[in-house]
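All the letters of the sequence shown, read from the start, carry residue numbers 77 to 528 under the numbering used here.
Glycine included, every Cβ here is placed at the ideal spot set by N, Cα and C.
Take a look at the structure set out below.
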Amino acid sequence: MKLGALVRMHWFDRAMRSLGAILPKGLYARSLIIIIAPVVLLQSVVVYVFMERHWQLVTRRLSAAVTADISALIDIYESYPQDRDATTLARIASERLQLDVDILHDTDLPPVGPKPFFSILDETLSDELRRQIDKPYWMDTVGRSNYIEIRVKLSDKDVMRVIARRSQAYASNSHIFLVWMGGSSLILLGIAILFLRNQIRPILKLSEAAEALGKGREIEFRPRGAREVRQAGHAFLEMRRRIERSMEQRTTMLNGVSHDLRTILTRFKLSLALLRQTPEVEDLKRDVDEMSRMLEGYLSFARGDTNEPAVTTDLRMILEEVQSDAERQGHATHLDIVGDPNITVRIDAFRRLIFNLVSNAARHGDRIEISANHETRWLVLHVDDDGPGIPADMRGEVFKPFVRLDEARNQDEGGSGLGLAIARDIARSHGGDITLGDSPLGGLRATVRLPA
C-alpha cells in the first residue's frame with residue numbers, strides 16, 4: 077500500500093513539474109489564465125449541457141414530427157389504393173404538412189452518399205426513420221443547405237420523394253445562442269484584460285525600479301495601483317532612501333578617515349624630507365609611499381563608486397584608452413568590439429574595472445587581447461593574456477579582499493590584493509559579475525558580463 081502511494085505521488089509530482097514547465101512564467105500571462113480558464117470551462121459545460129439537453133431534444137422532436145408526417149402519407153398511400161393520385165397526395169402534403177411530396181415510378185433509391193462528419197440532424201433523423209418507417213429509405217441532409225430530401229421505397233417500382241425545409245426537422249436557430257454566449261464572453265474577457273493590464277503595470281514599474289537600483293541607476297517611480305501594490309512601492313522607496321542614507325553616511329565617514337590619515341602621512345613625509353637623506357630615511361620614504369598607495373586602495377574598495385550616476389557612453393573610447401595605456405607599458409594589445417558601442421554604465425567605475433583587469437593581465441603576461449560583444453542587452457567582455465594563469469580551484473579565492481597568491485595574479489600595484497575584488501564589486505554594483513577561466517592564449521581569461 078505504501079509503495080503504491082509513493083508511485084502515485086511520484087507520477088503526480090512529475091505531472092505537476094511537466095505542467096509547470098508548460099505554463100507561462102510571467103505574472104500577466106498567469107493572471108490571464110486565472111481569468112480565462114474558469115470562463116472557458118464554464119462555457120464548455122454550458123455548451124455541453126445545451127447541446128445535450130436542449131439542441132438534441134428539440135431536434136429529435138422536430139425530426140420525429142417530420143417522420144410521423146411522412147409515415148402518415150405512406151399509410152394513406154398504402155391504405156387507399158383508389159386515391160393514389162400523386163397530385164392529390166402532393167396537395168395535401170403541401171397544404172397541411174408543408175412538405176413537397178412526389179411519387180417516382182420505375183426508379184430505385186440512389187446510392188448511399190458519404191455522411192457528414194458531425195451532424196445531429198443526420199443521426200437523429202436516421203434513427204426516427206428506422207423507428208417509424210420500416211422500409212428502405214435514402215436521405216440527403218447536406219445537398220441543399222435549406223432543405224432536406226428523403227426517399228422511401230414503397231414497392232419494387234414506386235419511390236416516394238419528400239422534400240422538407242431544414243427548419244422543420246432541425247433547431248437551426250441554436251447558433252444564435254452560441255454566438256451570443258461567445259460574443260458576451262469575449263466582451264467580458266476584453267474588459268477583464270484591460271483592467272488586469274492596469275493592475276499589472278504598477279508591478280512592472282516597481283520591478284523596473286528595483287532592477288535599476290540593483291544596476292546603480294535611478295529612474296522615476298511613483299507607487300500606483302491596488303493598495304497592496306502601493307504599499308510595496310512605498311516600502312521600496314523607503315528601502316531606497318535608507319540605502320542612499322547609509323551610503324552617504326559611509327562616504328562621509330570615509331572622507332573624514334582619509335583626510336585624517338592623509339594628514340598624518342603628510343606630516344611623516346615632511347618630517348622625512350627635513351632629515352638627512354640616508355639609506356634608512358629612503359627606506360622609510362618607500363614605506364610611507366607604500367602606505368599611501370595601500371590607503372588609497374582600501375578607501376576605494378570601501379567607498380565604491382555607487383554615488384556616480386550611470387550615463388550612456390562610448391565603449392570603444394574607454395577600451396581604446398586602456399589599450400593605449402597597456403601598449404605604452406610595452407604589451408602587445410589587440411582590441412575587438414562587436415555590436416553596439418553605446419553602453420549605459422558609471423563611466424569612472426567601469427573604466428577602473430577594465431583598468432584593473434588589463435593591469436592584472438599586463439603584470440603577468442606579454443600579450444593581451446580585449447574583446448567585447450554588445451549584440452544583445454548584455455555586454456560580454458573578455459580580457460585574455462598569455463601569462464601563467466590561476467589554478468581552477470583558486471579562482472574563487474582571488475576575488476576575496478586582501479588575498480595574494482604567490483604564483484597567481486591578484487597583486488595590484490600597491491600590493492594590497494584588492495584589484496580583482498574591486499573589479500568584481502564594480503561589476504556586481506552594475507548588476508553583472510566577473511568570472512575567470514582558461515584563455516585561448518594559454519593564460520587567464522577574465523569575463524565581464526553586464527546588463528548594458
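### Message
Going by DSSP, what residue range makes up the beta strand (DSSP E) through SER447?
### Response
Here residue 447 refers to the residue found at position 371 of the sequence shown. Counting along the chain, the unbroken beta strand (DSSP E) around SER447 starts and ends at 443-450.
### Query
Cα-Cα, which of VAL524, ASP178, LYS345, ARG521 is closest to VAL364?
Along the sequence shown, one-based indexing puts residue 364 at 288. Of the listed residues, the one whose Cα sits closest to VAL364 is LYS345.
### Task
Tell whether a beta-carbon distance below 8 Å holds between ILE446 and VAL456.
For the purposes of this step, residue 446 is taken as residue 370 along the sequence shown, with counting starting at 1. For the purposes of this step, residue 456 is taken as residue 380 along the sequence shown, with counting starting at 1. Contact check for ILE446 against VAL456 fails: the beta carbons are separated by 8 Å or more.
### Query
From LEU337, MET323, ARG453, GLN399, pick the residue whose C-alpha is nearest to that of ARG369; which is it?
Along the sequence shown, read from residue 1 onward, the residue named residue 369 stands at position 293. Cα-wise, what sits closest to ARG369 is LEU337.
### Message
Can you check which of these residues, LEU289, SER400, LEU512, is closest to MET315 by C-alpha distance?
### Response
On the sequence shown, position 239 is the one that residue 315 refers to. Of all alpha-carbon atoms in LEU289, SER400, LEU512, the one lying nearest the alpha-carbon of MET315 is that of LEU289.
#### Entry: Segment contact, 8 Å Cβ cut-off, at least three pairs: the region 107-119 with the region 219-231
Short answer: they don't touch.
### Task
Go through the region 102-146 residue by residue and report every complete run of the alpha helix (DSSP H) that reaches 4 residues or more, in order.
Secondary structure within the region 102-146: the alpha helix (DSSP H) runs of 4 or more consecutive residues, fully enclosed, are 103-125 (chain order).
#### Entry: Element boundaries [alpha helix (DSSP H), containing ALA503]
Stepping through the sequence shown from its first residue, residue 503 is reached at position 427. Where ALA503 is concerned, the enclosing alpha helix (DSSP H) stretches over 495-505.
### Query
Roughly how far, in whole angstroms, is the beta-carbon of THR420 from the beta-carbon of THR388, given that I think they are within contact range, below 8 Å?
The residue given as residue 420 occupies position 344 in the sequence shown. The residue given as residue 388 occupies position 312 in the sequence shown. Right, their Cβ atoms sit about 5 Å apart.
### Query
What are the start and end residues of the beta strand (DSSP E) that includes ILE394?
Sequence index remark: in the sequence shown, residue 394 carries index 318 (1-based). No beta strand (DSSP E) contains ILE394, which is instead part of the alpha helix (DSSP H) from 391-404.
### Query
Buried or exposed: where does VAL121 fall if 16 or more other Cβ atoms within 10 Å of its Cβ makes it buried?
Translated into the one-based positions of the sequence shown, residue 121 becomes position 45. By the Cβ neighbour-count rule, VAL121 is exposed, with fewer than 16 other Cβ atoms within 10 Å of its own.
### Message
Could you check whether the region 199-215 touches the region 123-140, counting it as contact only if at least three pairs of C-beta atoms, one from each stretch, sit closer than 8 Å?
### Response
Verdict: yes, contact present.
### Top-ranked residue by Cα proximity to PHE431, from TRP454, LYS281, ILE502, LEU175
For the purposes of this step, residue 431 is taken as the residue at position 355 of the sequence shown. Comparing Cα positions, the closest option is ILE502.
### Message
Applying the 10 Å Cβ sphere with the 16-neighbour rule, what's the burial state of GLU483?
### Response
Position 407 of the sequence shown, counting from 1, holds the residue named residue 483. Caution applies to GLU483, whose pLDDT of 44 falls short of 50 and renders its modelled position unreliable; the model cannot decide the point.
### Message
What would DSSP say about TYR156, mapped onto helix, strand or coil?
### Response
Here residue 156 corresponds to residue number 80 of the sequence shown, with the count starting at 1. In the structure shown, TYR156 sits in coil (DSSP, three-state: anything other than H, G, I, E or B).
### Query
When you compare each of ARG471, PRO467, ARG326, ARG525 to HIS458 by their alpha carbons, which one comes out closest?
Residue mapping note: residue 458 aligns to position 382 of the sequence shown, counting from 1. Considering only alpha carbons, the answer is ARG525.
### Query
Taking all protein chains shown into account, do 16 or more other C-beta atoms lie within 10 angstroms of the C-beta of ARG227, making it buried, or fewer, making it exposed?
The count along the sequence shown starts at 1 and reaches residue 227 at position 151. For ARG227, the number of other beta carbons within 10 angstroms of its own is at least 16, and it is reported as buried.
### Task
Using alpha carbons as the reference points, say which of ILE423, GLY259, VAL474 lies closest to SER505.
Sequence index remark: in the sequence shown, residue 505 carries index 429 (1-based). Minimum Cα-Cα distance from SER505 among the listed residues ILE423, GLY259, VAL474 corresponds to ILE423.
#### Entry: Alpha carbon of ALA308 to alpha carbon of ALA528, nearest angstrom
The residue labelled residue 308 in the question sits at position 232 within the sequence shown. The residue labelled residue 528 in the question sits at position 452 within the sequence shown. Distance between the alpha carbons of ALA308 and ALA528: 27 Å.
### Task
Identify every residue that forms a DSSP beta bridge with ARG237.
Counting from one through the sequence shown, the residue named residue 237 turns up at place 161. Answer by DSSP bridge pairing, in chain order: ASP178, ARG227.
### Query
Is it the case that the Cβ atoms of ALA448 and LYS476 are separated by a distance below 8 Å?
As a working note, residue 448 is residue 372 in the sequence shown. As a working note, residue 476 is residue 400 in the sequence shown. Cβ distance not < 8 Å, so ALA448 and LYS476 don't count as in contact.
#### Entry: Whole-number beta carbon distance between ASP216 and ILE179, since they are thought to touch under 8 Å
On the sequence shown, residue 179 is found 103 positions in, with the first residue counted as 1. On the sequence shown, residue 216 is found 140 positions in, with the first residue counted as 1. Contact flag wrong, Cβ pair sits at about 18 Å.
### Task
Report buried or exposed for THR143, applying the criterion of at least 16 other Cβ atoms within 10 angstroms of its Cβ.
Residue mapping note: residue 143 aligns to position 67 of the sequence shown, counting from 1. Under this definition THR143 is a buried residue.
### Query
What separation, rounded to the nearest whole angstrom, lies between the Cα atoms of ILE209 and ARG129?
Stepping through the sequence shown from its first residue, residue 209 is reached at position 133. Stepping through the sequence shown from its first residue, residue 129 is reached at position 53. Looking at the two C-alpha atoms, the distance is approximately 26 Å.
### Whole-Å CB distance - LEU108 paired with ILE279, under 8 Å assumed
Along the sequence shown, one-based indexing puts residue 108 at 32. Along the sequence shown, one-based indexing puts residue 279 at 203. Contact doesn't hold; Cβ gap of about 14 Å is too wide.
### Message
So, for ARG485: in the same chain, excluding its five sequence neighbours on each side, which residues have a beta-carbon less than 6 Å away from its beta-carbon?
### Response
For the purposes of this step, residue 485 is taken as residue 409 along the sequence shown, with counting starting at 1. Since pLDDT at ARG485 reaches only 41, below the 50 mark, its modelled position is unreliable, and the value read off the structure follows with that caveat. The answer, listed in chain order, is ASN436, HIS440.
### Task
Check whether the Cβ of ILE252 lies closer than 7 Å to any heavy atom of the ligand FMN, and answer yes or no.
This structure lacks the ligand FMN, and indeed carries no ligand of any kind.
### Query
Who are the near neighbours of ALA240 in its chain, counting only those whose CB is closer than 6 Å to its CB and skipping five residues on each side?
As a first step, residue 240 is located in the sequence shown; it is residue number 164 there, counting from the start. Take ALA240, set aside five residues on each side of it, and the residues of its chain with a beta-carbon closer than 6 Å to its own are VAL142, LEU175, ILE224, in chain order.
### Task
Take the Cβ of ALA386 as the centre, count every other Cβ of all protein chains shown within 10 Å, and call the residue buried at 16 or more, exposed below.
Position 310 of the sequence shown, counted from the first residue, corresponds to residue 386. That one is buried.
### Query
Can you give the Cα-Cα distance for ALA169 and LEU262, rounded to whole angstroms?
Numbered from its first residue, the sequence shown carries residue 169 at position 93. Numbered from its first residue, the sequence shown carries residue 262 at position 186. Computed Cα separation, rounded: 45 Å.
### Query
Does DSSP put ALA148 in a helix, in a strand, or in coil?
Residue numbering aside, residue 148 sits at position 72 when the sequence shown is read from its first letter. DSSP places ALA148 in the helix class (H, G or I) of the three-state scheme.
### Query
Whose C-alpha, out of LEU197, GLY495, ALA438, is nearest the C-alpha of ALA425?
Here residue 425 corresponds to residue number 349 of the sequence shown, with the count starting at 1. Among LEU197, GLY495, ALA438, the Cα nearest to that of ALA425 is on GLY495.
### Task
Could you pull out every residue in the same chain whose Cβ sits closer than 8 Å to the Cβ of VAL414, ignoring the five residues on either side in sequence?
Locating residue 414 in the sequence shown gives position 338, counting from the first residue. Short of 8 Å from the beta carbon of VAL414, and not among the five residues preceding or following it, lie these beta carbons of its own chain, in chain order: SER447, ALA448, ASN449, HIS450, GLU451.
#### Entry: N- and C-terminal bounds of the beta strand (DSSP E) containing VAL414
To locate residue 414, count along the sequence shown from 1; it is residue 338. Its beta strand (DSSP E) spans residues 408-415.
### Task
Only counting runs of 3 or more residues, tell me where the beta strand (DSSP E) segments fall wholly within the region 267-354, in order along the chain.
You should have found no qualifying run.
### Message
On the DSSP letters alone, give me the boundaries of the beta strand (DSSP E) that THR200 sits inside.
### Response
As a working mapping, residue 200 is identified with position 124 in the sequence shown. In the DSSP assignment, THR200 falls outside any beta strand (DSSP E) and within the unbroken alpha helix (DSSP H) covering 196-208.
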